[in-house]
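One structure is given below, encoded as structure tokens.
Protein chains: 2
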Amino acid sequence: MARPRSFDPDYVLHAAERQFRTSGYNGTSVDDISAATGLGRGSLYAAFDGKHGVLLQAMAGYFARLGQFAPKALAGPDEGALERLHAYLLRAVHGVPLAADVPPAPDRAAAACFAAKMALEIGASDSEVKRLANDCFSVLATAVADCVRAAQRNGDIDPDADPDDLAYLLLTIIRGTDVVGAYGHSPARLTSIAESAFALLPRPRHH
Amino acid sequence: MARPRSFDPDYVLHAAERQFRTSGYNGTSVDDISAATGLGRGSLYAAFDGKHGVLLQAMAGYFARLGQFAPKALAGPDEGALERLHAYLLRAVHGVPLAADVPPAPDRAAAACFAAKMALEIGASDSEVKRLANDCFSVLATAVADCVRAAQRNGDIDPDADPDDLAYLLLTIIRGTDVVGAYGHSPARLTSIAESAFALLPRPRHH
DNA sequence: TAGGTTTCTGACTGTTCAGTCCATAACGGT
DNA sequence: ACCGTTATGGACTGAACAGTCAGAAACCTA
Chain D
2 MARPRSFDPD YVLHAAERQF RTSGYNGTSV DDISAATGLG RGSLYAAFDG
52 KHGVLLQAMA GYFARLGQFA PKALAGPDEG ALERLHAYLL RAVHGVPLAA
102 DVPPAPDRAA AACFAAKMAL EIGASDSEVK RLANDCFSVL ATAVADCVRA
152 AQRNGDIDPD ADPDDLAYLL LTIIRGTDVV GAYGHSPARL TSIAESAFAL
202 LPRPRHH
Chain Z
2 MARPRSFDPD YVLHAAERQF RTSGYNGTSV DDISAATGLG RGSLYAAFDG
52 KHGVLLQAMA GYFARLGQFA PKALAGPDEG ALERLHAYLL RAVHGVPLAA
102 DVPPAPDRAA AACFAAKMAL EIGASDSEVK RLANDCFSVL ATAVADCVRA
152 AQRNGDIDPD ADPDDLAYLL LTIIRGTDVV GAYGHSPARL TSIAESAFAL
202 LPRPRHH
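In order, the protein sequences belong to chains D and Z.
Residues in the first sequence are numbered consecutively from 2, following the numbering used here.
Residues in the second sequence are numbered consecutively from 2, following the numbering used here.
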């Protein structure tokens with residue numbers, strides 16, 4: 002009955018996310034988004050309500066992806082919980098690939114958590130961005146804490162440790178590697194930091 | 002012989018740093034800097050070579066402040082080293098006050114490490130900023146590692162632990178709290194993260 | 001194949017931006 | 001008191017910006 006849109010909204014949001022990651026929010030113009038996505042200005046405004054709308058929807062998509070990926074990577078039987086935590090930590094400090102249909106980020110600073118990067122840049126003056134970033138953190142914290150509890154049940158982590166505190170600490174470390182990575186440190190160094198953190202996890206006292 | 006400048010360069014750089022912290026680099030205009038510092042555009046360009054020059058010199062000043070403060074807070078006799086590390090960690094996760102003559106940052110995101118914030122926003126496309134931020138990190142890493150070594154000599158930290166690895170990890174945690182703080186988490190939560198990290202430091206095995 | 005509806009494209013507008021420039025002001029030496 | 005020198009502040013410029021809009025195009029139904 003009417004002309005269908007000729008683009009895939011997910012692809013567009015991924016491409017826009019990549020642009021925001023690379024140049025920051027204030028560093029990307031609508032023309033940049035237009036060039037990165039192939040959409041004209043009119044389409045961008047009609048479909049996403051302009052630059053800020055694109056950001057919010059891109060962050061919402063990122064949140065949805067996190068909510069799928071993190072529980073999948075961390076949930077499972079108690080026996081493998083500690084190893085899943087280990088693998089997740091090592092993978093997270095090197096940044097997560099964006100999507101199969103969009104080229105990877107060129108710089109480690111662009112591979113940082115999208116929500117974290119936007120929150121640091123404009124979260125102070127944009128409460129919606131701040132809230133979305135906090136949501137991303139919460140979903141991760143829940144998944145990690147659940148995995149810690151599983152490892153505790155399996156006797157791999159000290160049962161006296163608070164799983165929520167530990168989850169917050171681990172996620173804080175992962176966020177910290179985003180920053181350290183942006184300084185230009187090598188992937189090997191980030192791996193080393195992650196391994197040090199993992200080695201310090203409180204093991205159960207055997208008697 | 003000639004007209005003397007009527008402003009204090011350090012005050013101007015502090016005020017500009019505050020503005021950059023609050024709005025980010027791309028989010029602050031030269032007029033914003035002009036308003037924050039009281040200087041006209043001509044003076045800004047003559048003394049600091051424009052927006053980018055102001056940033057570089059503000060970061061250099063920040064680096065110099067770090068190079069003074071961190072060693073002073075962390076150096077000292079071996080007996081108190083662990084407690085100095087503890088105090089430094091707790092203070093760092095709440096952000097450092099800027100300067101006595103400039104109002105404090107209004108938001109936790111603006112209290113994050115100045116170098117880290119700029120590196121995440123524009124470090125990927127500005128190698129000078131990236132290098133300066135890395136310098137800031139290095140001077141802190143050295144000071145923290147020295148303090149860890151002192152604590153090891155005093156028998157408060159496992160002598161088998163690598164002090165440099167531990168220093169990197171602790172600084173990564175501090176940088177991570179900058180991000181988590183930007184999400185809007187309470188100071189109490191940040192304190193809790195810092196205490197959890199401190200509690201996990203490897204203590205010497207007594208036999 | 002014609003009509004109705006929505007998307008698409010790119011030109012347009014007013015604003016804001018970074019950077020330059022110049023007339024004026026403030027000083028120290030003579 | 002004068003003069004050379006440097007700082008100051010604001011006007012100016014061309015470019016880039018976000019957002020709007022109207023005409024052309026594509027599609028489905030009938």
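Cβ coordinates follow ideal geometry from the N, Cα and C atoms, glycine included.
Because the structure is a prediction, the values reported are computed rather than measured.
Using a threshold of 8 Å, state whether the C-beta atoms of residue i and residue j are closer than that.
i, j, result
"D:Ser35", "D:Gly41", "yes"
"D:Asp159", "D:Ala146", "no"
"D:Gly177", "Z:Thr173", "yes"
"Z:Phe8", "Z:Met60", "no"
"Z:Asp33", "Z:Ala151", "no"
"D:Ala183", "D:Ala113", "yes"
"D:Leu91", "D:Ala195", "yes"
"D:Asp157", "D:Ala65", "no"
"Z:Val130", "Z:Thr192", "no"
"Z:Ala106", "Z:Arg19", "yes"
For residue i, does the three-state DSSP call read helix, strand or coil?
i, result
"D:Tyr184", "coil"
"D:Ala134", "helix"
"Z:Ala48", "helix"
"D:Ala71", "helix"
"Z:Val97", "coil"
"D:Ser128", "helix"
"D:Arg4", "coil"
"D:Gly77", "coil"
"Z:Asp165", "helix"
"Z:Ile194", "helix"
"Z:Ala113", "coil"
Between the Cα of residue i and the Cα atoms of the options, which residue gives the shortest distance?
i, options, result
"D:Val97", "D:Ile194, D:Gly185, D:Ile175", "D:Ile175"
"Z:Ala168", "Z:His15, Z:His87, Z:Ser126, Z:Ser30", "Z:His87"
"D:Ala74", "D:Ser197, D:Ser193, D:Leu141", "D:Leu141"
"D:Ala162", "Z:Gly182, Z:Ser197, Z:Gly51", "Z:Ser197"
"D:Ala111", "D:Cys148, D:Asp11, D:Ala16, D:His53", "D:Ala16"
"Z:Gly153", "Z:Lys52, Z:Gly39, Z:Leu202", "The question names Gly, yet the displayed sequence has Gln at residue 153 of chain Z. Among Z:Lys52, Z:Gly39, Z:Leu202, the Cα nearest to that of Z:Gln153 belongs to Z:Leu202."
"D:Ala76", "D:Val149, D:Ser44, D:Tyr12, D:Gly39", "D:Val149"
"D:Phe199", "D:Asp11, D:Asp127, D:Tyr89, D:Ala37", "D:Tyr89"
"D:Arg4", "D:Ser139, D:Met119, D:Ser44, D:Leu14", "D:Ser44"
Quick one: Cα of residue i to Cα of residue j, how far?
i, j, result
"D:Leu171", "Z:Glu84", "23 Å"
"Z:Ser30", "Z:Tyr63", "21 Å"
"Z:Val55", "D:Tyr46", "36 Å"
"D:Phe1", "D:Ala71", "Lying outside 2 to 208, the shown extent of chain D, residue 1 of chain D is not represented and no answer is given."
"Z:Lys52", "Z:His207", "57 Å"
"D:Ala189", "D:Val181", "12 Å"
"D:Gln69", "Z:Gly68", "43 Å"
"Z:Asp127", "D:His186", "15 Å"
"D:Pro205", "D:Arg109", "36 Å"
"Z:Thr38", "D:Ala37", "37 Å"
Practice task
Decide yes or no for the touch test of the region 123-139 of chain D against the region 121-136 of chain Z: beta carbon pairs closer than 8 Å, at least 3 of them.
Solution key: no
Handout entry: Segment contact flag, the region 14-31 of chain Z with the region 116-132 of chain D, C-beta cutoff 8 Å, min 3 pairs
Key = Look at the beta carbons and you see the region 14-31 of chain Z touching the region 116-132 of chain D: at least three pairs across the two are nearer than 8 Å.
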